[in-house]
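Worksheet for the structure shown next.
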Amino acid sequence: MDRRVIAYVVVVIVVIAGVSLFYYESQGKSAHTANYIIVKDDIGRNVTIPLPVTRVVSMDPSNTQMMYSIGAGNLLVADTSYDWWPENATKLPKVEMDNGTASVEEVVSFKPDLVLATTIQPMQIVDQLQNLSIPVVVLEPQNLSMIYSDMFLLGNITEHQVGAEKEVNSMKTTVAQIEKKIAPYQKPSVLYMLWPDPIYTVGPTSFINSIIQLAGGINIADNLSSPYPIISLEQVVASNPQVIIVDNDTGVSGLSYFTSGNESAVWKNISAVINDRILVFNVTESSEMNEPGPLTVNAIEFLAEFLIPQAFQ
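In the numbering used here, the protein residues as written are 42 to 354.
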């Protein structure tokens with residue numbers, strides 16, 4: 042999605058019990074005093090967080106990566122077994138996750154003054170932690186602009202505003218360079234395959250679709266309403282994608298899947314198969330593609346290099 046964060050600050054002075062309250066809109070979505078900060082998270086909840094924040098539990102790799110990227114990684118006291126970047130994140134104590142759900146008791150055992158969650162975690166867990174006076178901020182960025190906004194938000198919460206601004210500016214510079222390189226070239230049509238049978242793909246409201254667009258591709262499923270729809274082989278044939286991207290751990294190893302399987306006679310008529318324009322992600326590439334955060338720019342870059350290789354020669 043080709044949008045950019047519009048950085049602006051609206052300052053409203055509100056007097057509450059004689060305390061001046063400064064209200065920030067875009068960069069961080071927060072109101073703040075010396076003793077606490079009130080933030081609006083990505084699902085619209087207003088969360089009051091006592092300051093300073095010194096012990097943070099991250100329940101998703103995306104949140105962990107954003108914390109480290111703005112220089113606030115030292116505040117993390119636990120993350121999950123899914124965390125892999127940076128290396129320091131792999132050394133933290135782990136919150137055991139079962140299908141995205143963590144034990145409230147285990148989270149509490151780390152004595153956090155802030156928990157960073159996503160919508161993968163059930164709201165019941167979020168509410169239970171809040172009822173125990175443990176603030177929970179839910180981050181669920183759907184595009185690059187929201188990643189920038191969430192980094193500013195974390196910067197405000199952790200007093201790492203400078204680090205957040207530096208990281209966001211670096212990401213914007215990299216993306217602008219990629220966009221400049223690919224701008225003169227025709228955009229190829231893309232099938233992004235999350236699963237081969239049935240064919241799960243990504244719709245227009247998905248985070249992955251926004252990356253495809255930024256990398257110079259046209260998603261053949263961008264006219265479907267669901268973020269992760271099932272698409273028939275007949276629909277794929279009708280769209281005739283020029284590139285097929287396959288997520289990691291699907292059992293699809295490359296061109297041979299499309300040329301020797303039960304439906305190979307159909308797949309062989311598709312442009313991406315005819316021209317061997319099939320990209321199968323490894324674990325790292327898949328993680329960067331699926332985890333919104335500082336590594337999203339890596340995903341945009343390596344995808345752009347595959348979609349429009351002539352722009353990088």
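Quick reminder that beta carbons are idealized off the backbone N, C-alpha and C, glycines included.
Next item on the list: Report yes or no: do the segment 74-84 and the segment 100-118 share at least 3 C-beta pairs separated by less than 8 Å?
Entry: no
Item checked: Met330 (DSSP reduced to helix, strand or coil) -> helix
Notebook entry, point to check: Which of helix, strand or coil does DSSP assign to Pro350?
Noted result: Pro350: helix per DSSP, three-state reduction.
Check: Hey, how far is the Cα of Gln351 from the Cα of Ile341?
Finding: Rounded to whole angstroms, Gln351 to Ile341 spans 16 Å at the Cα level.
Check: Closest to Thr105 by CA distance: which of Phe343, Pro225 and Val178 is it?
Finding: Val178
Item checked: Whole beta strand (DSSP E) elements within the segment 230-274, 3-residue minimum -> 230-234
Check: Met100 by DSSP, collapsed to three states: which one?
Finding: coil
Next item on the list: State the start and end residues of the unbroken alpha helix (DSSP H) segment that holds Thr185.
Entry: The question names Thr, but residue 185 is Leu in the sequence shown. Unbroken alpha helix (DSSP H) run through Leu185: Leu185 to Thr199.
Note to self: Going by the DSSP bridge assignment, what does Tyr77 pair with across the sheet?
What the structure shows: Residue pairing of Tyr77 in beta bridges, as defined by DSSP: Pro91.
Next item on the list: Can you grab the Cα-Cα spacing for the pair Ala158 / Met330, in whole Å?
Entry: Cα-Cα distance, rounded: 19 Å.
Next item on the list: Please classify Asn250: is it buried, with 16 or more other beta-carbons within 10 angstroms of its beta-carbon, or exposed?
Entry: buried
Checklist line | Distance CB(Arg96)-CB(Lys152) smaller than 8 Å | finding: yes
Next item on the list: Select from Ala224, Asp317, Asn129 and Thr142 the residue whose C-alpha is nearest the C-alpha of Met108.
Entry: Asn129
Item checked: Separation of Met100 from Val149, as counted between CA atoms -> 13 Å
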